[in-house]
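Note sheet for the following structure.
Number of protein chains: 2
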Amino acid sequence: MRAPVRFLLLATLLAGAAPALAAEGMWMPAQVPALGARLKADGLELDPAALADLSKPPMNAIVSLGGCSASFVSPEGLVATNHHCITASLQVNSQPGRNLLRDGFLAKTRAEELPAAPGVRVLVMEALRDVSAEVLAGLGPRMSGEARTARMEANRKALIAACETSPGRRCDIRSYFGGRQWYLQRMLEIRDVRLVYAPAESIGNFGGEIDNWQWPRQTGDFAFYRAYVGPDGNPAPQSAANVPFRPGGHLKLATGDLKEGDFVMIAGFPGVTERYRTLAETRAYFTDIYPLQLRLLSEWSELIQREARTEAERIATASARQRADNFKKKIEGQMAAARTADLIGIKAAQEKALGDWAARPANRRPHALAIASYDSLIDADLAATRTRLVNQTLDRALLLRAARDLVRWAHERQLPDAQRSLGFQDRDRQALVDRLTIIDRQYVPRIDRAMLEQALAEVRKLPEASRNLALETALAEVGLDRLYAETRLADRAERLAWLDRPVEAFAASDDPFIRVALASYAADRAGEARAREREGRMHAARTAWMATVAAHAATQGRVLYPDANGSLRFTWGQVRGRALQDGVAWTAFTTPRGILEKETGEEPFNSPPRLLAQARAGNWGRWASPALGTLPVNFLSTTDITNGNSGSAVLNGRGELVGLAFDGTLEGMLSDWHFDDTITRTISVDARYMLWVMEKVDGAQHLLAELGVEPGR
Amino acid sequence: MRAPVRFLLLATLLAGAAPALAAEGMWMPAQVPALGARLKADGLELDPAALADLSKPPMNAIVSLGGCSASFVSPEGLVATNHHCITASLQVNSQPGRNLLRDGFLAKTRAEELPAAPGVRVLVMEALRDVSAEVLAGLGPRMSGEARTARMEANRKALIAACETSPGRRCDIRSYFGGRQWYLQRMLEIRDVRLVYAPAESIGNFGGEIDNWQWPRQTGDFAFYRAYVGPDGNPAPQSAANVPFRPGGHLKLATGDLKEGDFVMIAGFPGVTERYRTLAETRAYFTDIYPLQLRLLSEWSELIQREARTEAERIATASARQRADNFKKKIEGQMAAARTADLIGIKAAQEKALGDWAARPANRRPHALAIASYDSLIDADLAATRTRLVNQTLDRALLLRAARDLVRWAHERQLPDAQRSLGFQDRDRQALVDRLTIIDRQYVPRIDRAMLEQALAEVRKLPEASRNLALETALAEVGLDRLYAETRLADRAERLAWLDRPVEAFAASDDPFIRVALASYAADRAGEARAREREGRMHAARTAWMATVAAHAATQGRVLYPDANGSLRFTWGQVRGRALQDGVAWTAFTTPRGILEKETGEEPFNSPPRLLAQARAGNWGRWASPALGTLPVNFLSTTDITNGNSGSAVLNGRGELVGLAFDGTLEGMLSDWHFDDTITRTISVDARYMLWVMEKVDGAQHLLAELGVEPGR
C-alpha cells in the first residue's frame with residue numbers, strides 16, 4: 025500500500041467525510057455579508073448581502089411567534105411552524121369529545137379556521153437598528169447599580185416610545201454581548217392569528233417524550249397558522265372583517281432533492297445561550313443551579329401527572345407539563361453532555377488562555393482588572409439566581425400570579441406611562457389581558473392548589489432574607505381552603521374587570537387572592553430594587569469583561585457572535601449524520617421504515633391507520649428522495665440553533681424551504697454552553713414528509729395548492 | 025418540492041445507496057469465467073478467466089491451512105493468515121514465563137522462526153478436476169445403502185491413489201451439490217511450516233469473546249507463517265536443511281486507497297454451509313439440533329473455565345475453549361438471526377415454490393417423486409445426527425480418543441492399504457502422528473477426566489440402542505481413578521510407540537485406556553456400518569432431490585453454486601456498511617478511535633502501551649486512508665464467506681491484497697442457511713492496519729521489506 029494514491033474528491037464524497045462546513049455561530053443578520061466568502065464556498069447560491077436585508081426574500085418571510093420561529097409560505101399569510109409551537113391553540117379549541125390535540129385539525133375553508141390561543145402573535149420583523157450609544161448614554165463609572173439600571177431603562181423606554189408610532193408596531197430592545205451592544209427591533213405585531221392545519225398528535229408529536237431530544241426521529245412536527253389583519257392592512261384584534269395578511273415575501277418549496285452533504289441555512293429566533301459564561305458560572309450551573317432546576321421541574325411534572333385525572337384536566341395542563349418535561353430533559357441532557365465533553369475542562373482552558381493574555385504587562389491594567397472585577401460579583405449573582413428559581417415556582421399558581429400582576433398594574437398605572445416599569449406600560453396591557461384570559465383554559469382549582477402547596481414548601485426552605493414573608497403570612501392567615509373556595513378570580517370576566525381599577529379598589533377587595541397579592545406587594549418591590557442594584561453593577565462589570573473577551577478574540581482574528589437573546593439570527597451548515605462510537609453512525613435522514621419499526625399501537629407510537637397503510641404500501645407519490653429511494657421524514661444538519669428556533673424554516677442554498685427545525689439531540693445540548701460540530705445536530709422535519717402527510721394522509725390538497733404544489737397524479 | 029429533479033448518479037454516491045453488487049455465492053473457480061460480465065460491471069479489473077486458472081496470480085497465491093485459509097505474500101514463502109488461525113502454534117511454543125499467545129512473537133531472522141504446531145500444513149492447490157463420473161461409476165438403483173457407500177469409497181480411494189504419485193502431494197475428493205458432483209483436488213502438502221510473526225493477543229484478539237462476531241470491531245487478526253521445503257523443492261519433514269518455499273505466485277499489497285463502495289473479492293476455503301437444506305431439516309436444526317449443540321458446547325466451555333486454574337492449564341486448554349466459545353456464539357447468532365429473518369418462513373416459501381413446480385403434470389413423475397423419497401429419509405438422518413453429536417463428546421477426552429484411534433489403526437493395518445477405510449490409509453498416518461503428538465500440549469489429566477465424566481453423563485441419557493455400552497461397561501469396570509492413574513498414554517513416546525503395533529499387542533496390553541478402546545471397538549464398527557447404510561440411502565435420495573432443485577432453478581435462469589465443503593471458492597462484493605434501525609448505520613470502516621474508546625486496561629481491551637501511544641499521537645505514518653483521514657482498522661464487505669474462510673486474502677479489483685477476512689457478524693450468520701446482502705457482512709482486517717502495527721508497534725521492518733514495502737520516512 026506504500027504511498028497511497030490520492031483520490032481526494034471522490035474518496036471524500038464516498039466516505040461521507042467531507043470537510044465540515046461552518047456550523048458554529050448564531051449570527052446577527054448584519055454580520056452575514058462579511059461572512060459571504062465562506063457562505064459562497066460552502067454552497068450558498070444567493071447573494072450573501074440579501075441575508076442582511078430584512079425587506080427582501082428570504083428574510084422578509086421569517087417571523088417570530090414569540091418563543092417559536094416561523095415563516096410565511098404563501099402570499100395569503102399562511103405561516104408554517106412546528107406542531108409543538110401551536111399546542112396551546114389546539115388546546116384552547118379542544119373540549120371533551122373534540123380533542124384537536126389528539127386528532128389534529130384541518131380547516132377545509134378559510135371560514136373553518138379557528139382563533140389561535142389568546143396571546144398568539146405573528147411578529148414580522150421590519151427594522152433592526154444598533155442603539156447601543158443611545159441605551160448606554162449617561163452612564164458613569166461611579167453610578168450606583170440602581171442608577172445604572174434606571175438610566176438604561178429610561179433610555180430604552182424613550183427609544184421604544186419613539187419607535188412605536190405607527191399602528192400595530194411592536195418595538196423591542198435587546199442586549200447583546202452582555203449589554204455592550206443593544207439593538208432596537210421594530211416588528212409588525214399581527215394579533216389575529218388563526219389555526220389552519222395540524223396533523224394528529226401521533227404524527228406531530230410522534231415519539232412524544234420518549235423520542236424528545238433523540239435521534240433516530242420520525243416526528244411530523246409541523247403545523248400552519250394564518251395571519252389576518254384589518255381591511256386597512258394594519259394589525260387588528262380578531263374580527264370577522266379581517267383579511268389574510270399579504271406578506272412582503274414568502275418562502276417557496278424546494279424542487280431539487282435535498283441530500284446528505286447539502287448546504288442548509290436557518291433563520292430564526294434562538295432564545296438563550298450561555299457561551300460567554302465564565303468558568304465559575306459554568307461550574308455553579310452544572311453543580312448547583314441545574315440540579316436545583318431539575319428537581320423543581322421534576323416535582324412539578326410529577327404533580328401534574330398525578331393530579332390530572334380526567335381528559336379535561338389533562339388538556340388543561342398539557343402545555344405546562346410539556347414545558348416542564350421538555351426543559352427537564354434538556355437540563356439532564358446538558359448535564360450529561362457536559363460531563364462527557366468535559367465542559368468544565370474546556371472552560372478552564374479558555375479562561376486560562378484569556379487570563380494568560382490579560383496578564384501580559386500591556387494588557388494587565390484594563391483586562392486583568394476587568395476579569396477580577398467581574399469575578400468579584402459572580403457569587404452574589406448566582407445566589408440570587410437560585411433564590412429567583414425557587415420564588416418563581418409561586419407563579420405556577422395561576423390565580424396568585426394573576427392577582428399579583430393586577431395589583432402591580434394598579435400601582436404602575438398611578439405613574440405616567442413613560443415612568444412605569446418595563447412590562448407594565450400601556451403597550452404591555454394586551455399581553456396582560458391575554459395572560460388573564462388564557463387562565464380559563466389552564467386553570468384546574470385542585471391542581472392549581474397542589475402547585476401552590478408544592479411551591480410554598482419549597483420557598484420555606486430558603487433563608488429568611490430571600491423569602492417574601494408577607495406573602496407567606498397572608499397565605500397562612502387566609503388558608504388555602506378559603507383561598508380557593510372564596511376567590512372570584514377563577515371567573516374570566518371578574519379577572520378582566522380588575523384591570524385598570526385603582527389601588528384603592530384593590531385595598532377594599534375581600535377576594536383572598538387579591539388580599540394576598542396586596543400584602544406581598546411591598547416585599548416584591550423591595551426584592552426588585554435589590555435585583556436592580558445587582559443588575560446595574562453586573563452590567564458594568566460584565567461589559568468590561570466582554571470587552572476583554574472581544575479584545576482577546578481580535579488578537580486571534582476571531583469574529584464573535586453574540587449569545588442568543590431571542591433576536592433574529594442566521595446559522596448555516598450542511599445536512600450531515602454523525603459518527604457515534606467507532607464503526608457506528610447516525611444517518612442524515614430517517615424514513616417511514618422507522619415509523620413502522622417503532623409502531624406499537626400505543627401512544628406515542630400510534631400512527632394513524634391511514635399513515636400506516638400508505639407507508640406500508642410505499643405510496644410516496646412525488647415525495648420520495650431519489651437519493652434515498654424512499655420518503656425522507658426527518659434529517660440532521662450541522663446548524664447552530666437552540667430553543668426559540670423551533671419552527672424555523674430550513675433553507676437550501678437557493679433560499680428555498682426544505683424543512684422546519686424542531687429539535688436537537690441530548691448529546692448536542694452542550695451547544696448552549698459550547699458548540700462542537702462533531703456532536704451537535706439540528707433535527708428538522710423534511711418538507712417532503714410534510715407534503716406527503718398533507719396529501720396522502722390528511723387530504724389537505726387545497727393547502728398544497730396554496731403552497732404552489734401542482735395537483736398530484 | 026413538486027417533481028423532484030433527478031440527480032441519480034451523484035445522489036446515489038452521496039447517500040451510500042449504491043446498487044448492491046453481487047454478493048451471494050461461494051463460486052467454484054471453474055464457474056467464475058461465466059460470471060465475467062457481472063464481475064467486470066461490478067469492478068473487476070483483471071481478466072475473469074484468470075480467476076479460474078489455479079496456476080496464475082492471484083489464484084496461485086491462495087492456500088489452505090486445513091480449516092483456515094491463507095495466501096503467499098512474498099516470493100520467499102511468507103504466508104499471511106489470521107491470528108486466530110495460528111493460536112495452536114503460539115500455544116505449543118509457549119511455556120510459563122514465555123507466553124507467546126499473550127505477548128506475540130517476532131522472528132528477527134529466519135533462524136529465529138519457530139516450528140508451527142504439529143499437523144500444521146500449508147496446502148497449495150495444484151489441480152482441481154471434475155471426477156463425478158468416476159466416483160458415481162457402478163452405482164445402481166437397487167443397491168443397498170452400504171453397497172453404494174462402499175462403491176463410492178472404493179472409487180474415491182482408487183482416484184486418490186492414482187493422483188498421489190508425485191512426492192508431497194495430497195489428493196482429496198469432495199462432494200458437491202449433495203453428492204451429485206465430485207471434484208478431485210491435488211495439493212502440494214508443505215509440512216515444514218514455521219511461525220514468523222504474530223502480534224500480541226491484545227492486538228490479534230482485541231475484544232476477545234466480547235467482540236467476537238460483533239461490529240464495531242478493531243481486531244488485528246493477522247499473523248505470518250513461512251513455508252519450507254526440502255532442498256529439492258519437494259515437501260519434507262521439519263529440518264534445518266530445508267529452504268523457504270518459492271511459490272508460483274504471491275499477492276502484492278494494494279497501493280490505492282480502499283474506500284466504501286469499492287469492489288472486493290475473496291478466494292479461500294469456506295467450510296460448511298446449509299443452503300440446500302429442506303424445510304424439515306431446517307426446522308429440526310433450529311428447534312432441536314442447535315439447542316442440543318449449544319448446551320453441549322456451553323457445558324464444555326464452562327468446565328474448562330472452571331477447571332483451568334493455572335497459566336499452564338489455561339494455555340493447554342486455550343484452543344479447545346476458544347473453539348467451543350466460538351462455535352457456541354455462532355449457533356446462538358444463527359438461532360437469533362433465523363428468528364429475526366423468519367428463516368422457517370423463507371424456507372417454507374422456497375419449498376412451496378419447488379413443490380408447486382414439481383407437482384405440475386410434466387414434472388410430477390421425476391420431481392415430486394424425488395422430493396417424497398428424500399423427505400422419507402430425513403427423520404432418521406436427523407436422529408442419527410443428534411446421537412452422533414452426543415457420542416462425539418467422548419472424543420474430548422484426549423487419551424480415550426488416542427487409544428481408540430490406535431486400536432482402529434491396528435485393525436485397519438491388517439488390510440491392504442487400498443481396502444482400508446478412508447482416513448486410515450498409509451497416507452493418513454502422518455495426520456495420526458500429529459494428533460498423537462499435539463496431545464502433549466493440550467493434556468491436563470484433571471481437566472481431561474472432568475471432560476470424560478461430563479461426556480459420560482451425557483451419553484447415558486441416550487436411548488440404549490444409540491449407546492456404546494461396551495465402552496461404558498469397560499470404563500465403569502476400570503474406574504476413572506485407575507484409568508488416569510495407570511495409563512502410560514500420557515507419555516508421547518509411549519503413545520507413538522503403539523502406532524503400527526499389531527492387534528495382538530493391544531490385546532496383551534494392560535493400559536486401561538487401550539483396554540477400554542479394545543472393548544469398544546466392535547460396537548464402534550457396528551455403529552459405523554449402520555451409518556454407512558444410511559449414508560448410501562441418503563446419497564441416492566439427496567442427489568435425486570438436488571437434481572430436482574437444479575431443474576427448477578434452470579427454469580428460472582438461476583445458476584446454482586454448491587454449498588461450502590472446504591474446497592476453494594470465490595466470492596465478490598463491495599466494501600459497505602449496513603443500515604441498522606432507521607436512522608442508524610454501521611460505517612464500513614473502524615479506526616483506532618474505537619481501540620481508544622474500548623481501552624480498559626483489562627483483557628480483552630488492553631492494547632499494548634506502544635500501540636496506545638502511537639494511536640493517541642495519531643502517528644499513522646503512510647498508512648492513513650485519504651478518504652477516512654485516519655488509519656483504517658477493520659472493514660465490512662458484502663462478500664459471502666463462512667468458517668474456513670478465516671485468513672482469506674481480500675483483494676481489490678486489480679487482485680491486490682487489501683486485507684484478511686476473519687469474521688462475520690451475529691446478524692449475518694443466517695448466511696450459512698440463507699444469504700441476505702442487506703444484513704450479512706464479512707469483517708476483515710485492513711492491510712494498512714497490519715502494516716502500521718508491524719511498523720509502528722512491533723518494529724517488523726524486515727517483514728515490511730519482504731512484503732515489498734519501501735522503508736518508511
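Same order as they appear, the protein sequences are chains A and B.
Counting from 25, one number per residue, gives the positions in the first sequence under the numbering used here.
Counting from 25, one number per residue, gives the positions in the second sequence under the numbering used here.
Don't be surprised by glycine CBs; every beta carbon is placed ideally from N, CA and C.
Nearest-angstrom Cβ-Cβ length linking B:SER708 and B:ALA685, presumed shorter than 8 Å: 5 Å
Own chain partners of B:ARG428 with C-beta closer than 6 Å, once the 5 adjacent residues on each side are dropped: ALA541
6 Å CB neighbourhood of A:LEU635 in its chain, flanking five on each side removed: VAL721
Among B:ALA564, B:ALA361, B:GLN443, nearest to B:GLY164 - alpha-carbon criterion: Measuring from the Cα of B:GLY164, the nearest candidate turns out to be B:ALA564.
According to DSSP, residues forming a beta bridge with B:THR302: Per DSSP, none; premise fails for B:THR302.
Per-residue burial, B:GLN119 [other beta carbons within 10 Å of its own, 16 or more giving buried]: exposed
Interface flag, B:GLU621 vs chain A, CB-CB below 9 Å: yes
Start-end ranges of the alpha helix (DSSP H) lying completely within the segment 203-271 of chain A, minimum 4 residues: 225-228, 232-235
Cα-Cα separation between A:LEU731 and B:VAL608, rounded to whole angstroms: Using only the alpha carbons, I get a separation of about 32 Å.
Through-space distance from B:GLU626 to A:SER93, alpha-carbon basis: 51 Å
Members of the segment 597-608 of chain A near chain B, C-beta cut-off 9 Å: GLY601, ALA603, LEU604, GLN605, ASP606, GLY607, VAL608
Neighbour-count burial assignment, B:ASN350, 16 or more Cβ in a 10 Å radius: buried
Residue closest to A:LEU183, alpha-carbon to alpha-carbon, out of A:ASP458, A:VAL159, A:VAL87: A:VAL159
Partner residues on chain A for B:GLY618, Cβ-Cβ distance less than 9 Å: GLN605, ASP606, GLY607
Chain A residues whose Cβ lies nearer than 9 Å to that of B:THR615: ASP606, GLY607
The segment 709-716 of chain A in contact with the segment 646-663 of chain A per 3-pair CB rule at 8 Å: Touching, yes.
Coarse secondary structure for A:ALA639, derived from DSSP in three states: helix
Same chain only: Cβ atoms within 7 Å of B:ALA392, ignoring 5 sequence neighbours per side: If we look at B:ALA392 and ignore the five residues flanking it on each side, its Cβ neighbours are ALA382, ALA383.
Any C-beta of chain B under 9 Å from that of A:GLN242: yes
Assigned secondary structure, B:ALA42 (DSSP; H/G/I helix, E/B strand, else coil): Only weak support is given to the placement of B:ALA42: the predicted model assigns it a pLDDT of 41, under 50, and the question is left unresolved by the model.
Segment contact, 8 Å Cβ cut-off, at least three pairs: the segment 590-601 of chain A with the segment 48-60 of chain A: yes
Other residues of its chain near A:LEU507: CB distance less than 6 Å, five sequence neighbours each side excluded: PRO536
Beta-carbon proximity list for B:ASP196, same chain, < 6 Å, skipping 5 on both sides: GLN209
Sub-9 Å separation of A:LEU476 and A:LEU430 beta-carbons: no
B:THR189 (DSSP reduced to helix, strand or coil): coil
Three-way DSSP call (helix, strand, coil) for A:GLU150 in this model: strand
Listed by chain order, chain A residues near B:TRP239 by CB distance under 7 Å: GLY607
Min CB distance A:THR611 to chain B below 9 Å: Contact of A:THR611 with chain B is assigned, a C-beta pair being separated by under 9 Å.
B:ARG593 (DSSP reduced to helix, strand or coil): strand
Minimum length 4: unbroken alpha helix (DSSP H) runs contained in the segment 94-147 of chain A: 111-116, 124-127
Contact belief for A:TYR252 with A:GLY101 at Cβ below 8 Å, rounded distance in angstroms: The beta-carbon separation of A:TYR252 and A:GLY101, rounded to 7 Å, stays under the 8 Å limit for a contact.
Status (buried if at least 16 other CB within 10 Å, exposed otherwise) for A:ASP66: buried
Straight-line gap, B:LYS181 to B:VAL56 (C-alpha atoms, nearest Å): 29 Å
Given 8 Å, three or more beta-carbon pairs between the segment 612-619 of chain A and the segment 655-664 of chain A: At 8 Å Cβ cutoff, the stretches touch.
Simplified DSSP state of B:ALA532, which is helix, strand or coil: The three-state reading of DSSP puts B:ALA532 in coil, since its state is none of H, G, I, E or B.
Closer than 9 Å to chain B by CB, A:ASN266: no
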